[in-house]
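Worksheet: one structure, shown below.
There are 2 protein chains.
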Amino acid sequence: MASLLRQVARLRQFTLHLPVRSITTNAQSRASAAAAIAHDTSSPFEQPFFADEPHGPRVSTPIPGPKSKKAIAELNQVFDTRSLNMLANYKQSYGNYIADLDGNLLLDVYAQIASIPVGYNNPSLLLAATSPDMASALINRPALGNFPQHDWASILETGILKVAPRGLNQVFTALAGSDANETAYKAAFMWRRQMERGGAHVEFSPEEIETSMNNQVPGSPQLSIMSFTSGFHGRLFGSLSTTRSKPIHKLDIPAFDWPQAPFPALKYPLEEHVQENVEEEKRCLEQAERIIKEYHNPVAAVIVEPVQSEGGDNHASPAFFKGIREITKRNNVLMIVDEVQTGIGATGKFWAHEHWNMAQPPDMVTFSKKAQTAGYYFGNPALRPNKPYRQFNTWMGDPARAILFRAIINEIERLNLVENTALTGDYLFNGLERIQRQYPEQIQNLRGKGQGTFIAFDSPTRDAFLAKAKALGINIGGSGAKAVRLRPMLIFQKHHADIFLDAVQKLVSS
Amino acid sequence: MASLLRQVARLRQFTLHLPVRSITTNAQSRASAAAAIAHDTSSPFEQPFFADEPHGPRVSTPIPGPKSKKAIAELNQVFDTRSLNMLANYKQSYGNYIADLDGNLLLDVYAQIASIPVGYNNPSLLLAATSPDMASALINRPALGNFPQHDWASILETGILKVAPRGLNQVFTALAGSDANETAYKAAFMWRRQMERGGAHVEFSPEEIETSMNNQVPGSPQLSIMSFTSGFHGRLFGSLSTTRSKPIHKLDIPAFDWPQAPFPALKYPLEEHVQENVEEEKRCLEQAERIIKEYHNPVAAVIVEPVQSEGGDNHASPAFFKGIREITKRNNVLMIVDEVQTGIGATGKFWAHEHWNMAQPPDMVTFSKKAQTAGYYFGNPALRPNKPYRQFNTWMGDPARAILFRAIINEIERLNLVENTALTGDYLFNGLERIQRQYPEQIQNLRGKGQGTFIAFDSPTRDAFLAKAKALGINIGGSGAKAVRLRPMLIFQKHHADIFLDAVQKLVSS
Chain W
1 MASLLRQVAR LRQFTLHLPV RSITTNAQSR ASAAAAIAHD TSSPFEQPFF ADEPHGPRVS
61 TPIPGPKSKK AIAELNQVFD TRSLNMLANY KQSYGNYIAD LDGNLLLDVY AQIASIPVGY
121 NNPSLLLAAT SPDMASALIN RPALGNFPQH DWASILETGI LKVAPRGLNQ VFTALAGSDA
181 NETAYKAAFM WRRQMERGGA HVEFSPEEIE TSMNNQVPGS PQLSIMSFTS GFHGRLFGSL
241 STTRSKPIHK LDIPAFDWPQ APFPALKYPL EEHVQENVEE EKRCLEQAER IIKEYHNPVA
301 AVIVEPVQSE GGDNHASPAF FKGIREITKR NNVLMIVDEV QTGIGATGKF WAHEHWNMAQ
361 PPDMVTFSKK AQTAGYYFGN PALRPNKPYR QFNTWMGDPA RAILFRAIIN EIERLNLVEN
421 TALTGDYLFN GLERIQRQYP EQIQNLRGKG QGTFIAFDSP TRDAFLAKAK ALGINIGGSG
481 AKAVRLRPML IFQKHHADIF LDAVQKLVSS
Chain F
1 MASLLRQVAR LRQFTLHLPV RSITTNAQSR ASAAAAIAHD TSSPFEQPFF ADEPHGPRVS
61 TPIPGPKSKK AIAELNQVFD TRSLNMLANY KQSYGNYIAD LDGNLLLDVY AQIASIPVGY
121 NNPSLLLAAT SPDMASALIN RPALGNFPQH DWASILETGI LKVAPRGLNQ VFTALAGSDA
181 NETAYKAAFM WRRQMERGGA HVEFSPEEIE TSMNNQVPGS PQLSIMSFTS GFHGRLFGSL
241 STTRSKPIHK LDIPAFDWPQ APFPALKYPL EEHVQENVEE EKRCLEQAER IIKEYHNPVA
301 AVIVEPVQSE GGDNHASPAF FKGIREITKR NNVLMIVDEV QTGIGATGKF WAHEHWNMAQ
361 PPDMVTFSKK AQTAGYYFGN PALRPNKPYR QFNTWMGDPA RAILFRAIIN EIERLNLVEN
421 TALTGDYLFN GLERIQRQYP EQIQNLRGKG QGTFIAFDSP TRDAFLAKAK ALGINIGGSG
481 AKAVRLRPML IFQKHHADIF LDAVQKLVSS
């Protein structure tokens with residue numbers, strides 16, 4: 001009992017210790033949180049979104065410093081720390097800045113592998129996280145398929161579905177990118193077999209029913225999902241069978257016999273290699289169609305990322321993606337766009353595939369990361385399976401995270417953050433181009449022009465580049481074998497870009 | 001801005017409208033929440049855990065009633081409602097009682113498919129859900145493998161690892177049952193291939209590296225996981241390949257060519273079929289070992305549930321499970337115990353496999369549901385892959401849910417809930433046995449004796465039984481083809497059992 005009373009006492013004075021000021025969760029502090037987000041946004045992209053954000057990085061020890069080293073050794077007793085990059089103190093992190101245990105504060109253009117949308121300790125999200133709806137969603141988590149909460153329709157309509165890609169008005173919710181993709185694959189396979197059987201009204205045959213229980217055809221059909229070389233779509237068994245990023249992701253794990261088509265290897269700068277790149281994309285499309293027509297395990301769907309992110313930040317032109325749409329339509333195969341990393345505003349559009357201006361939408365679009373929840377959007381009613389309990393699991397998503405995504409969407413709209421990433425991205429790209437002209441050996445294949453802040457370049461000394469950046473106060477990640485990838489949050493502004501460009505200049509000239 | 005101010009104003013007066021009293025989230029209300037959980041627990045299993053819980057169900061309209069019908073029609077526009085059982089109002093639900101939109105209040109012995117541990121709107125969980133640590137975990141969700149938070153070791157040690165099964169001191173965290181099982185499978189495959197290569201220090205061959213990227217052997221090996229007939233282990237591609245519950249779960253989805261062994265079909269009452277059941281278990285064990293020795297895709301691990309839950313509440317004796325441990329040890333195959341549904345106290349032990357008194361622990365134990373988080377426990381350091389980034393994904397779990405699980409564990413300890421399920425389970429089983437003697441045709445194969453409240457029986461009119469129970473104020477679910485399964489929360493007490501038994505008596509005698 002004493003400990004409970006202590007807990008209550010502590011709650012009364014709860015303070016998130018932020019670098020510059022404090023946010024508390026009682027009513028008074030909620031008002032101050034609201035005040036912090038009430039500034040004039042008339043010239044949104046010059047004036048800081050958060051007036052009290054730190055003015056720049058602060059590095060006072062090697063990273064990891066002595067306190068971090070001690071804590072990492074302790075953590076290693078119970079948790080694999082071999083992939084640990086930095087032990088963070090999130091209570092001291094704010095906006096674009098991530099803090100560690102030694103008092104260091106880094107400008108974070110990695111953002112939890114591209115999954116923090118509107119800044120650490122964002123006051124608007126704090127309001128949502130401490131709301132009565134959130135508390136109820138956390139402690140009364142429903143089995144959504146059986147016992148949805150009375151306001152689930154409203155949570156969907158004012159959140160996840162409010163930002164549904166054009167042409168898609170339904171969603172199946174999931175927990176993370178991997179299961180978002182896998183449930184989309186399941187929908188594709190059910191749709192395909194339903195079509196082959198002659199429609200949704202045709203019953204399963206006794207042979208299908210019997211063989212399905214033994215994992216054998218025809219009940220468990222040998223169909224496939226086609227993905228592209230260097231693509232990344234998750235690491236569970238179905239999604240990993242479509243992932244083609246790195247051997248370390250795939251070695252020793254059984255995989256389905258599913259095909260991969262080549263993804264275009266574009267040459268940069270694009271304006272100097274126009275004809276070559278057109279031909280490269282044509283070659284890849286031809287091969288993709290040949291595989292769809294000929295692969296021994298028939299292709300039910302094609303999955304593709306608008307920008308291959310884990311695989312090295314590989315881009316292709318809108319014409320390429322329109323080509324995939326044409327091929328899939330022509331061959332009666334579904335097109336799934338994996339927007340797990342590209343979605344939610346970072347490319348200067350809410351969804352990266354909006355850049356393609358396709359006449360017909362993809363059949364499904366998957367999302368997660370910055371949404372903090374996950375799922376797949378679809379429009380065609382035939383993608384709802386013909387019977388209940390075919391696409392089902394205990395939780396089927398998470399109302400708590402759906403509420404958080406709604407708050408993220410509101411914050412994106414309030415601060416006009418998609419336009420911000422478009423404008424700030426152009427500014428950032430121009431700055432990097434300037435440095436590239438000075439140091440063409442150090443900054444190669446700069447890419448992502450016109451794609452918001454979704455920018456990358458190759459570095460001949462990539463791993464050293466990433467490591468040295470920390471000492472200059474920049475937390476940045478890589479992708480593929482040699483790419484430095486920029487994944488700043490949506491609240492990354494020109495003054496952050498200046499700090500970043502300054503550091504890059506120092507790194508390449510040292 | 002106006003809407004933000006309204007939001008703040010609303011937060012100040014936030015009230016969870018509970019049936020009997022109100023819980024609010026400001027400091028004063030937290031004190032009242034604490035007071036609500038401060039009663040004397042000296043005779044814990046007779047006195048109500050929550051003094052202000054409703055005294056019984058209240059049904060005043062058909063279910064669904066008019067308000068629910070209208071809301072379900074609206075929800076159906078954006079969400080598949082064909083598996084909807086009841087549209088719930090969680091703010092009006094409390095303890096063991098679930099509310100709907102029409103003012104009905106049902107005793108809930110289904111509990112969100114066995115996933116609510118300590119009652120709706122549990123005041124202790126409300127404290128955790130409104131704590132500063134929770135707010136930070138929600139709005140600053142880390143990529144745990146790269147940027148764990150500074151207190152992650154402590155959250156694990158005071159929560160998930162505090163209740164680790166005997167002999168297992170490590171955990172890999174996940175989001176739900178399916179990915180908990182699939183990451184355990186991945187660990188098993190990596191372990192197996194590592195062993196075949198000659199140890200953790202042996203590098204991958206160039207051929208393995210190359211073929212893995214094409215989903216071909218030897219890089220993507222044709223190894224398997226063996227499961228048991230009627231088992232349920234999830235619905236993503238790897239887990240679904242081990243699930244053998246119902247065709248509707250598996251039809252049209254590609255599956256790995258993995259084997260199943262027969263699960264014992266025990267006869268009830270057990271004391272009248274001792275020799276037959278011993279022989280049945282022997283037969284199943286022999287066949288399991290034959291498959292392990294002979295299956296064309298070598299078996300890396302065997303997965304088994306302590307009680308097959310989705311598959312119809314099928315039990316086996318401790319001797320059977322000890323037999324699996326012996327077989328797997330003898331054949332150098334791992335044993336994974338799937339405690340997703342059986343874990344966290346409902347069987348009268350914290351982990352159901354404690355009932356077996358095995359000399360050697362399983363190699364891995366998976367969990368989710370009542371834990372509100374998920375993962376697999378292991379002890380053998382060889383199950384940590386030999387290189388980083390082999391078992392990895394963006395979030396790798398969820399600190400917010402880990403904090404909630406810690407609060408659940410504390411609540412289980414505070415109220416001695418494991419002992420409660422043991423004692424209340426015995427009382428409940430005896431009551432059902434009494435009714436069974438009166439109506440042997442209506443209550444068949446009663447099972448789960450000595451297994452806490454993890455009780456089930458077969459009903460010749462199962463679906464009608466479940467539907468009629470609602471009108472009597474009982475929310476209860478089925479499993480398999482004909483089982484009525486009881487999955488009350490851990491706070492289900494004798495006086496709830498009396499209400500339930502009363503309803504069963506009415507149902508079978510009507």
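Chains as they are written, first to last, in full-length UniProt numbering: chain W, 1 to 510; chain F, 1 to 510. Glycine is no exception: its CB is placed at the ideal position from the N, C-alpha and C atoms. Being a predicted model, the structure only gives us computed values, none of them experimental.
Buried or exposed for H201(W), please, with buried defined as at least 16 other CB atoms from any protein chain shown within 10 angstroms of its CB. exposed
Taking only the alpha-carbon atoms, compute the straight-line gap between D313(F) and R197(W) and give it to the nearest angstrom. 34 angstroms
How long is the line joining the alpha carbons of T461(W) and Y97(W), rounded to whole angstroms? Approximately 25 angstroms between the Cα atoms of the pair.
Over what stretch of residues does the alpha helix (DSSP H) that includes Y427(F) continue unbroken? 417-438
Taking the continuous alpha helix (DSSP H) assigned at A88(W), which residues delimit it? Unbroken run through A88(W): none, as it is neither H nor E.
Just confirm the distance between the C-beta atoms of K250(F) and M213(W), as a whole number of angstroms; I'd bet it's less than 8 angstroms. 7 angstroms
Let me know the secondary structure DSSP gives V340(F) once reduced to three states. coil
Buried or exposed: where does H496(W) fall if 16 or more other Cβ atoms within 10 Å of its Cβ makes it buried? buried
So which of E433(W), L236(W), I344(W), A51(W) has the shortest CA-CA distance to V163(W)? I344(W)
Could you name the residues of chain W that Q149(F) contacts, counting a contact when the two beta carbons are closer than 7 angstroms? Listed along chain W are A88, Y90, each with a C-beta nearer than 7 angstroms to that of Q149(F).
Assign D338(W) to buried or exposed, taking buried as 16 or more other Cβ atoms, counted over all protein chains shown, within 10 Å of its Cβ. buried
From F204(F), I225(F), A111(F), D257(F), pick the residue whose C-alpha is nearest to that of Q216(W); which is it? D257(F)
Figure out for me which residue from M226(W), S230(W), V278(W), A316(W) has the closest Cα to the Cα of I291(W). M226(W)
Alpha carbon of L508(W) to alpha carbon of L334(F), nearest angstrom: The question names Leu, but residue 508(W) is Val in the sequence shown. Distance between the alpha carbons of V508(W) and L334(F): 50 angstroms.
Using the beta-carbon count (16 or more within 10 Å), is S510(W) buried or exposed? exposed
In terms of residues, what are the limits of the alpha helix (DSSP H) holding M364(W)? Where M364(W) is concerned, there is no enclosing alpha helix (DSSP H), although the beta strand (DSSP E) it sits in stretches over 364-367.
Helix, strand or coil: how does DSSP classify S178(W) here? helix
Cβ shell of R406(W) (< 7 angstroms), same chain only, five flanking positions each side left out: So the list reads I155, T158, G159, once near-sequence residues are dropped.
Where does S42(F) sit, in a helix, a strand or coil, going by DSSP? For S42(F), the predicted structure reports a pLDDT of 43, less than 50, and the residue's modelled location is therefore unreliable. The matter cannot be settled from this model.
Residue-chain proximity (F189(W), chain F), Cβ-Cβ < 7 angstroms: It does; some Cβ of chain F falls within 7 angstroms.
Inter-residue spacing [alpha-carbon to alpha-carbon] between M489(F) and V118(F): V118(F) has its alpha-carbon roughly 6 angstroms from the corresponding atom of M489(F).
Just to confirm before moving on: does the CB-CB distance between I63(F) and K468(F) stay below 7 angstroms? no
Other residues of its chain near K187(W): CB distance less than 6 angstroms, five sequence neighbours each side excluded: As written in the sequence, residue 187(W) is Ala, which differs from the Lys given in the question. L383.
Count the other CB atoms within 10 Å of the CB of N76(F); is the residue buried (16 or more) or exposed (fewer)? exposed
With C-beta atoms as the reference, is I253(W) less than 7 angstroms away from I303(W)? no
Comparing C-alpha positions only, which one of P247(W), L236(W), S131(W) sits nearest to N181(W)? Nearest to N181(W) by C-alpha distance, out of P247(W), L236(W), S131(W), is L236(W).
Check whether the Cβ of V307(W) lies closer than 7 angstroms to any Cβ atom in chain F. no
In three-state terms, what does DSSP make of S95(W)? Residue identity differs from the one stated: residue 95(W) is Gly in this sequence, not Ser. It is a strand residue.
Entirely enclosed beta strand (DSSP E) segments - the region 257-337 of chain F, minimum 3 residues: 299-304
Using 8 angstroms for Cβ pairs, my map puts P399(F) next to A71(F). What's the rounded Cβ distance? Actually they do not touch by this definition, with Cβ atoms about 34 angstroms apart.
Just the C-alpha distance for E286(F) and F492(F), rounded to the nearest angstrom, thanks. 39 angstroms
Would you say F465(W) lies against chain F (beta-carbon separation less than 7 angstroms)? no
DSSP three-state call for V504(W): helix, strand or coil? helix
Can you give me, in chain order, the residues of the region 109-121 of chain F that have a beta carbon less than 7 angstroms from any beta carbon in chain W? Q112, I113, S115, Y120, N121
If the cut-off is 9 angstroms on Cβ atoms, which residues from the region 465-480 of chain W count as contacting chain F, listed in chain order? N475, G477
Residues bridged to G375(F) by DSSP? T173(F), F367(F)
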